[in-house]
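A short worksheet on the structure shown next.
2 protein chains.
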Amino acid sequence: LPGRNVLIVYAHQEPKSLNGSLKNVAVEELSKQGCSVTVSDLYAMQFEPRATRNDIVGCLHNLEEFDYGVEVREAYKRGDLSSDLIEEQKKVQEADLLIFQFPLYWFSMPAIMKGWMDRVLVEGFAHQFPDCYSSGFLKNKLALFSFTTGGSQEMYTKGGISGDIRYLLWPMQHGIMHYCGVKVLAPHICFAPESVSEEERKEMLLAWGQRLKTLWKEKPIDCSPEWYFK
Amino acid sequence: LPGRNVLIVYAHQEPKSLNGSLKNVAVEELSKQGCSVTVSDLYAMQFEPRATRNDIVGCLHNLEEFDYGVEVREAYKRGDLSSDLIEEQKKVQEADLLIFQFPLYWFSMPAIMKGWMDRVLVEGFAHQFPDCYSSGFLKNKLALFSFTTGGSQEMYTKGGISGDIRYLLWPMQHGIMHYCGVKVLAPHICFAPESVSEEERKEMLLAWGQRLKTLWKEKPIDCSPEWYFK
């Protein structure tokens, strides 16, 4: 929609990959709608995933013992976070919708994207206990996890060897986004694209574009244990 | 036990932290038992969490399109993985027990440790579909996730705002370790050490040392959906 800002946090090494194409489809469709779209292309940015002392500019709050959570909370207050974090936080702040586009690695996001979560969603910026979940600081924003899998859809069912795909969404959707107050749209999952035909991969791209056409009318999921484990 | 090899994969920035002390307790107690203990101190090693082309020495299998999974699988076969990965794989191969020691970051492990999983557990080395779960290549090994939380034990209960702590163990224990055939011991969790007294933190260290005394007699958990979601 005109006036809406979208941030796509994208983690794939290869622009020609299906993930790269899915990201492009989103940029095109959402731009066509009049949205302003920003992409954080994590591998291209060589985004740093490690949470270290380098994230704090200048002196530490506690010189005796380094506590990452405490240090970045204090650095955020002072405006002393490293510039890459300030930049990502500005993008988040301006976004109405966050799309995370990635290949599933080990029932979760790739480390480079986990590092984005670990480092960007600083206490004071995204949450501050007890301001979490419904009162998290990123309320009024939406998030959508869009990813590809290696395993088949059948493997990711309740009776399948890898269990219901929803089981593995709990830490990402509830534990991260919902914790910060973000409302979560249904995930978009392309199962086993490497095991299907070129034709079917094209259909996957079309289906994603199609979904995006009416995305702003979607209602968030009920991000409670029932959605995940019932 | 004499003759047993233990690998501790450890992710904390501060040696004086509780995580650092928990790691030291494990090194001391297991060494006293006669085990041979190796520590991968990920932050100290500046371990690389990003899965990139740098993990493959020499030429790529497919020069047109970079597929990380395919490339590391082929590089593993040729003996062309980067030296840091070969070293970690050797440690895993020799280990009877893997202990993962870390502070919980966003319902999961810190990105630096997720990167260890993403990069070390290469297809061909740790698994090769359909050789996964009970026939994963790392069968006959044990794993134990030992971690600290920010939130209280009460928050991590079925009725608590963060849900049963077992929900978030599914991707790590089942999706990674069990997938590779590793049997999983009950997790060791220190809840909210930053909210308790110095006295109580000392008790946490003692309890961990105590548990390790009889660790080799423990039976693995039944790593099925029932354990996590019932």
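Top line first, the protein sequences correspond to chains A and B. My numbering applies: residue 3 is where the first sequence begins, and numbers increase by one. My numbering applies: residue 3 is where the second sequence begins, and numbers increase by one. The C-beta atom is built at its ideal place from N, Cα and C for all residues, glycine as well.
Asked: At the 8 angstroms Cβ level, is residue 203/B part of the contact set with chain A, yes or no?; Found: no
Asked: Pick out whichever of 50/A, 146/A and 107/A has its Cα sitting closest to the Cα of residue 194/A.; Found: 107/A
Asked: With a threshold of 16 other CB atoms inside 10 Å of the CB of residue 4/A, please say whether the residue is buried or exposed.; Found: exposed
Asked: Measuring only the C-alpha atoms, how far is residue 112/A from residue 120/B?; Found: 7 angstroms
Asked: Kindly indicate the opening and closing residues of the beta strand (DSSP E) around residue 102/A.; Found: 99-105
Asked: Out of 123/B, 17/B, 93/B and 101/B, point me to the one whose CA is closest to residue 69/A's CA.; Found: 17/B
Asked: Do you know offhand how far residue 103/B's Cα is from residue 33/A's?; Found: 44 angstroms
Asked: Which residues, in order along the stretch 120-132 of chain A, keep a beta-carbon less than 7 angstroms from a beta-carbon of chain B?; Found: 120
Asked: Ordered along the chain, which non-local residues of its own chain (more than five positions away) have a Cβ less than 8 angstroms from that of residue 84/B?; Found: 56, 57, 58 and 59
Asked: Which residues does DSSP pair with residue 150/B in a beta bridge?; Found: 105/B and 192/B
Asked: Residues of the stretch 52-68 of chain B with a CB closer than 8 angstroms to any CB of chain D: list them in chain order, please.; Found: In summary, chain D is missing from the structure at hand, where the protein chains are A and B.
Asked: Which residue comes first and which comes last in the beta strand (DSSP E) that contains residue 8/B?; Found: 7-12
Asked: Compute the distance between the beta-carbons of residue 206/B and residue 192/B, then report whether it is under 8 angstroms.; Found: yes
Asked: Tell me whether the beta-carbon of residue 101/A lies closer than 8 angstroms to the beta-carbon of residue 28/A.; Found: yes
Asked: On the DSSP bridge assignment, give the partners of residue 159/A in chain order.; Found: According to DSSP, which records beta bridges pairwise, residue 159/A is partnered with nothing at all.
Asked: Against chain A, which members of the stretch 102-117 of chain B pass a CB distance test of less than 7 angstroms?; Found: 107, 108, 109, 110, 112, 113, 114, 116 and 117
Asked: Quick check on residue 2/B: buried or exposed, where buried means 16 or more other Cβ atoms within 10 Å of its Cβ?; Found: It is not possible to answer for residue 2/B, since the shown part of chain B is limited to 3 through 232.
Asked: Using beta-carbon positions only, say whether residue 44/A and residue 12/A come within less than 8 angstroms of one another.; Found: yes
Asked: Taking residue 16/A as the query, report the chain B residues whose CB atoms sit under 9 angstroms from its CB, ordered along the chain.; Found: 67, 68, 69 and 70
Asked: Excluding the five sequence neighbours on either side, which residues of its own chain have a C-beta within less than 7 angstroms of the C-beta of residue 167/A, listed in chain order?; Found: 158 and 191
Asked: Which class does residue 125/A belong to by DSSP, given the choice of helix, strand or coil?; Found: strand
Asked: Going by DSSP, what residues sit across from residue 145/B in a beta bridge?; Found: 100/B and 186/B
Asked: Going along the chain, which residues of its own chain have a beta-carbon closer than 8 angstroms to the beta-carbon of residue 20/B, five neighbours each way excluded?; Found: 150, 192, 195, 203, 206 and 207
Asked: Can you list, in chain order, the residues of the stretch 157-185 of chain B whose Cβ is nearer than 9 angstroms to any Cβ on chain A?; Found: 160, 163, 164, 165, 166, 169, 170, 172, 173, 174, 176, 177, 178 and 181
Asked: Mind listing the chain B neighbours of residue 231/A? Cutoff is C-beta to C-beta under 8 angstroms, in chain order.; Found: 169 and 231
Asked: In terms of DSSP beta bridges, what is residue 40/B paired with?; Found: 9/B
Asked: Look up residue 110/B in the DSSP assignment and say whether it is helix, strand or coil.; Found: strand
Asked: Between 8/B, 177/B, 14/B and 80/B, which has its C-alpha nearest residue 114/B's C-alpha?; Found: 14/B
Asked: Would residue 97/A be called buried (16 or more neighbouring beta carbons within 10 Å of its own) or exposed?; Found: buried
Asked: Out of curiosity, what's the CA-to-CA distance linking residue 160/A and residue 231/B?; Found: 11 angstroms
Asked: Mind listing which residues of the stretch 6-39 of chain A have their C-beta closer than 8 angstroms to chain B's C-betas, in chain order?; Found: 15, 16, 18 and 19
Asked: Going by DSSP in three states, residue 223/A sits in which element: helix, strand or coil?; Found: coil
Asked: If you draw a straight line from the alpha carbon of residue 165/B to that of residue 227/A, how long is it in whole angstroms?; Found: 7 angstroms
Asked: If you measure between the beta carbons of residue 186/B and residue 225/B, is that distance less than 8 angstroms?; Found: yes
Asked: With a cut-off of 8 angstroms on the beta carbons, I'd call residue 136/A and residue 177/A a contact; round off their distance for me.; Found: Not quite, the Cβ-Cβ distance comes to about 15 angstroms (not below 8 angstroms), so this is no contact.
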